[in-house]
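Here is the structure we will look at.
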Amino acid sequence: MTNQDIRCNQDFPKIGIRPTIDGRRKGVRESLEDVTMSLAKAVANFLSNELRYPNGQAVECVIADTCIGGVAEAASAADKFAKAGVGVSITVTPCWCYGSETMDMDASLPKAIWGFNGTERPGAVYLAAVLSAHAQKGLPAFGIYGHDVQDMNDPSIPQDVQEKLLRFAKAGMAAALMKGKSYLSIGSVSMGIAGSMIDPDFFQEYLGMRNEYVDMSELTRRIEEEIYDPEEFKLAMAWVKENCKEGSDNNAESLQTSREQKDKDWETVVKMTQIVRDLMVGNPRLGELGFGEEAMGHNAIVSGFQGQRQWTDHFPNGDFLEAMLNSSFDWNGIRAPYQVATENDSLNGVTMLFGNLLTNTAQIFADVRTYWSPDAVKRVTGHELSGVAEHGLLHLINSGSATLDGTGEQMQDGQPVMKPFWEITPEDADNCLKAVSWRPAAVEYFRGGGFSSCFLTRGGMPVTMSRLNLVKGLGPVLQIAEGYTVELPKDVHDTLDQRTDSTWPTTWFAPVLTGKGAFKDVYSVMDNWGANHGAICYGHIGADLITLASILRIPVSMHNVKEEEIFRPRAWGSFGTAEPESADYRACQTFGPLYK
Numbered sequence: 001m002t003n004q005d006i007r008c009n010q011d012f013p014k015i016g017i018r019p020t021i022d023g024r025r026k027g028v029r030e031s032l033e034d035v036t037m038s039l040a041k042a043v044a045n046f047l048s049n050e051l052r053y054p055n056g057q058a059v060e061c062v063i064a065d066t067c068i069g070g071v072a073e074a075a076s077a078a079d080k081f082a083k084a085g086v087g088v089s090i091t092v093t094p095c096w097c098y099g100s101e102t103m104d105m106d107a108s109l110p111k112a113i114w115g116f117n118g119t120e121r122p123g124a125v126y127l128a129a130v131l132s133a134h135a136q137k138g139l140p141a142f143g144i145y146g147h148d149v150q151d152m153n154d155p156s157i158p159q160d161v162q163e164k165l166l167r168f169a170k171a172g173m174a175a176a177l178m179k180g181k182s183y184l185s186i187g188s189v190s191m192g193i194a195g196s197m198i199d200p201d202f203f204q205e206y207l208g209m210r211n212e213y214v215d216m217s218e219l220t221r222r223i224e225e226e227i228y229d230p231e232e233f234k235l236a237m238a239w240v241k242e243n244c245k246e247g248s249d250n251n252a253e254s255l256q257t258s259r260e261q262k263d264k265d266w267e268t269v270v271k272m273t274q275i276v277r278d279l280m281v282g283n284p285r286l287g288e289l290g291f292g293e294e295a296m297g298h299n300a301i302v303s304g305f306q307g308q309r310q311w312t313d314h315f316p317n318g319d320f321l322e323a324m325l326n327s328s329f330d331w332n333g334i335r336a337p338y339q340v341a342t343e344n345d346s347l348n349g350v351t352m353l354f355g356n357l358l359t360n361t362a363q364i365f366a367d368v369r370t371y372w373s374p375d376a377v378k379r380v381t382g383h384e385l386s387g388v389a390e391h392g393l394l395h396l397i398n399s400g401s402a403t404l405d406g407t408g409e410q411m412q413d414g415q416p417v418m419k420p421f422w423e424i425t426p427e428d429a430d431n432c433l434k435a436v437s438w439r440p441a442a443v444e445y446f447r448g449g450g451f452s453s454c455f456l457t458r459g460g461m462p463v464t465m466s467r468l469n470l471v472k473g474l475g476p477v478l479q480i481a482e483g484y485t486v487e488l489p490k491d492v493h494d495t496l497d498q499r500t501d502s503t504w505p506t507t508w509f510a511p512v513l514t515g516k517g518a519f520k521d522v523y524s525v526m527d528n529w530g531a532n533h534g535a536i537c538y539g540h541i542g543a544d545l546i547t548l549a550s551i552l553r554i555p556v557s558m559h560n561v562k563e564e565e566i567f568r569p570r571a572w573g574s575f576g577t578a579e580p581e582s583a584d585y586r587a588c589q590t591f592g593p594l595y596k
């Protein structure tokens with residue numbers, strides 16, 4: 001039977017902790033050894049307790065064998081980190097050290113420095129000196145400086161330092177987890193959507209990823225030659241019949257397919273799901289069945305399926321495969337979600353990947369379809385919007401590819417949430433499945449049939465919508481909008497939803513407004529959005545996305561994150577502090593992509 005743990009059988013990148021110290025012997029260094037190493041161990045324990053890998057295990061930290069007082073010990077630490085697979089570097093010190101001799105010089109490692117704010121020894125002075133060296137050498141680093149002075153013998157990590165350590169470490173690990181992986185393009189350009197015109201230079205230079213390409217005919221070959229696990233297929237079909245309720249057929253009677261054809265379509269979409277997963281990550285079971293090459297997969301951390309139109313004009317659509325792989329559960333049980341972009345929109349797929357790596361939760365793929373003003377809602381339904389929706393709503397809806405976690409039927413303390421898979425209960429998964437009906441695809445769109453998931457996201461969840469765009473001459477830019485899901489009265493939702501394809505899943509979204517710029521009002525958010533798609537992540541993660549973007553050297557073109565939550569490398573301040581957004585563009589352009 002297919003092994004769902006294959007993605008866990010790898011060495012994840014680790015966080016390297018570098019305790020730096022004043023190298024002067026005969027009294028100075030000796031007096032600082034214990035407190036410096038204790039500081040490193042405290043940071044390592046804190047991060048391992050707070051952060052998880054995509055498989056749910058605690059993030060592993062590696063501490064340099066000795067305190068680093070000079071270049072020889074810095075080189076020794078670098079060698080240890082390289083052998084241990086360190087992907088993120090954090091330097092800690094309570095004292096003065098020799099900056100250019102002790103600093104981390106690996107240009108590809110995201111790096112931060114915590115200079116202990118104490119008066120006994122000048123750790124903060126070292127922080128300023130070494131950050132200056134980092135900027136001068138073109139190796140941007142994050143500076144962490146506690147707000148309040150601590151005593152030298154105080155082993156605690158202040159709350160503000162904890163927040164910065166976590167924000168940096170989460171973003172740094174996200175960057176490290178992408179490095180060396182693949183984006184798998186299944187098919188090519190869908191309906192002229194620019195995001196599915198894969199830009200390999202972007203993936204290579206900004207993300208450290210490679211691109212893999214498979215024609216959609218590979219699905220046909222594997223279906224016809226039965227290159228999939230037949231035992232898993234039987235299990236999956238039994239599970240689908242029990243858990244995936246088929247909804248009503250909205251097609252005109254003359255266009256509806258027979259029961260026999262619908263049953264064949266179910267078999268096809270289940271096989272498509274198995275095959276796309278196997279294409280992404282491989283499947284040792286295929287090797288047992290004699291398909292050694294196919295068993296390897298493409299080392300893909302994210303993929304996209306073209307679907308429309310060359311596939312969907314003839315075969316069942318990809319909505320089921322995308323929705324199920326994007327979810328945190330299937331016939332094999334509860335497991336980590338995959339990231340699969342509808343219409344092979346690689347830029348939305350990467351944005352989904354950002355959200356997933358920062359939170360370990362499933363992501364909603366959606367069209368940013370319609371802005372509904374309060375006046376328009378009242379005119380059409382008679383309903384007056386209130387609460388977080390009082391200034392209007394965005395209708396997020398796509399053809400049925402959104403994660404089923406997006407129903408909001410996972411509960412925590414009586415509130416709807418989207419959880420990392422290791423926190424999801426069988427009851428959570430069952431509630432999500434019960435909230436979804438699988439509607440026969442609208443054949444005007446999908447001539448080959450298939451099934452689209454239909455659900456309504458529960459209101460009250462904090463979420464972040466984001467989108468990566470490519471601009472000629474500029475490169476990648478990131479857009480971020482924090483807000484909340486909204487639950488409308490049933491009759492109001494039905495009236496609005498039936499104006500478009502009501503067989504598709506809907507998320508009503510109210511962005512948080514700031515009263516200025518792109519967040520002056522809800523209309524402005526819609527008007528400034530750079531593409532037809534958006535990725536929606538549970539939680540307000542805008543600050544984490546900004547930190548990750550700065551690590552990758554991707555400027556942020558719009559966001560509604562509070563200024564005090566923004567954390568970028570210290571060198572960004574050298575490009576101007578009065579207009580941080582403009583400074584971000586200049587810094588990213590000057591330093592260039594992480595893997596240039």
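Going by our numbering, the sequence shown opens with residue 1, and the numbers climb by one from there.
A virtual CB, placed ideally from N, CA and C, is assigned to each residue, including glycine.
| Item | Value |
| --- | --- |
| Pick helix, strand or coil for Pro374, following the three-state DSSP scheme. | helix |
| What are the boundary residues of the beta strand (DSSP E) that includes Gly16? | Lys14 to Pro19 |
| For the segment 530–539 and the segment 342–356, state whether three or more C-beta atom pairs, one from each stretch, are separated by less than 8 Å. | yes |
| Scan the segment 43–110 and note each continuous alpha helix (DSSP H) run of 4 residues or more that stays entirely inside, going in chain order. | 71–84 and 99–102 |
| Decide if the segment 271–285 is in contact with the segment 308–320; the criterion is three or more beta carbon pairs, one per stretch, under 8 Å apart. | yes |
| According to DSSP, is Ser158 helix, strand or coil? | Here residue 158 turns out to be Pro, not Ser, going by the sequence shown. The answer is coil: DSSP assigns Pro158 none of H, G, I, E or B. |
| Please report the Cβ distance between Lys181 and Ile301, rounded to the nearest whole angstrom; I am assuming they are in contact, meaning their Cβ atoms lie under 8 Å. | 4 Å |
| Classify Val512 as helix, strand or coil using the three-state DSSP reduction. | coil |
| Have a look at Ala587 and Ser248 and give me their C-alpha separation to the nearest angstrom. | 54 Å |
| Spell out a yes or no on whether the segment 284–297 and the segment 384–400 are touching, meaning 3 or more CB-CB pairs, one atom from each, closer than 8 Å. | no |
| Taking only three categories from DSSP, how would you classify Cys601? | In the structure displayed, the chain extends from 1 to 596; residue 601 sits before or after that span and is not available. |
| Using 10 angstroms around the beta-carbon of Leu139, count the other beta-carbons present and answer buried if the total reaches 16, otherwise exposed. | buried |
| Assuming Val609 and Pro13 form a contact by the criterion Cβ under 8 Å, report the distance between their Cβ atoms to the nearest whole angstrom. | The structure shown does not extend to residue 609, since the chain is modelled only from 1 through 596, so no value can be given for it. |
| Is Lys434 near Lys245, with beta carbons less than 9 Å apart? | yes |
| Which of the three DSSP states is assigned to Gln412 in this structure? | strand |
| Hey, quick one: how far does the beta strand (DSSP E) through Ala535 stretch, first residue to last? | His533 to Tyr538 |
| At what residues does the beta strand (DSSP E) containing Ile301 begin and finish? | Ala300 to Phe305 |
| With a threshold of 6 Å on Cβ separation, who are the neighbours of Arg447 within its own chain once the five nearest residues in sequence on each side are excluded? | Asp313 |
| Check the DSSP bridge columns for Pro440 and list the partner residues they point to. | Phe451 |
| As a quick exercise: from Ser100, Leu47, Ala124 and Leu51, pick the residue whose alpha carbon is nearest that of Glu73. | Ser100 |
| Per DSSP, Arg335 is paired with what? | According to DSSP, which records beta bridges pairwise, Arg335 is partnered with nothing at all. |
| DSSP three-state call for Gly147: helix, strand or coil? | According to the sequence displayed, residue 147 carries His and not Gly. Three-state result, His147: coil. |
| Are the Cβ atoms of Ser368 and Met465 separated by less than 9 Å? | Residue 368 is actually Val in this sequence, not Ser. Against a cut-off of 9 Å, the Cβ pair of Met465 and Val368 comes out as a contact. |
| Less than 9 Å between the C-beta atoms of Pro416 and Glu409, yes or no? | yes |
| Using a Cβ-Cβ cut-off of 8 Å (strictly less than) and excluding sequence neighbours within five positions of Arg29, which residues of its own chain qualify? | Ile21, Asp22, Gly23, Cys67 and Gly69 |
| From Ala128, Val477 and Thr503, pick the residue whose C-alpha is nearest to that of Ile554; which is it? | Val477 |
| Does the distance from the CB of Gly115 to the CB of Ala128 come in under 9 Å? | yes |
| Is the beta carbon of Thr91 closer than 9 Å to that of Pro19? | yes |
| Indicate the three-state DSSP secondary structure (helix, strand or coil) for Gln256 in the structure shown. | coil |
| Lys111 to Gly172, Cα distance in whole Å? | 8 Å |
| By DSSP, does Asp265 sit in helix, in strand, or in coil? | helix |
| Any idea what DSSP makes of Leu321, helix, strand or coil? | helix |
| Would you please state the rounded distance, in angstroms, between the beta carbons of Tyr484 and Ala510? I believe it to be under 8 Å. | 5 Å |
| Name the two residues that bound the continuous alpha helix (DSSP H) containing Pro230. | Pro230 to Asn243 |
| What does a CB cutoff of less than 7 Å around Asp601 pick up in its chain, not counting 5 residues either side in sequence? | It is not possible to answer for residue 601, since the shown part of the chain is limited to 1 through 596. |
| Look at the alpha carbon of Cys454 and the alpha carbon of Thr403, and state the distance between them as a whole number of angstroms. | 11 Å |
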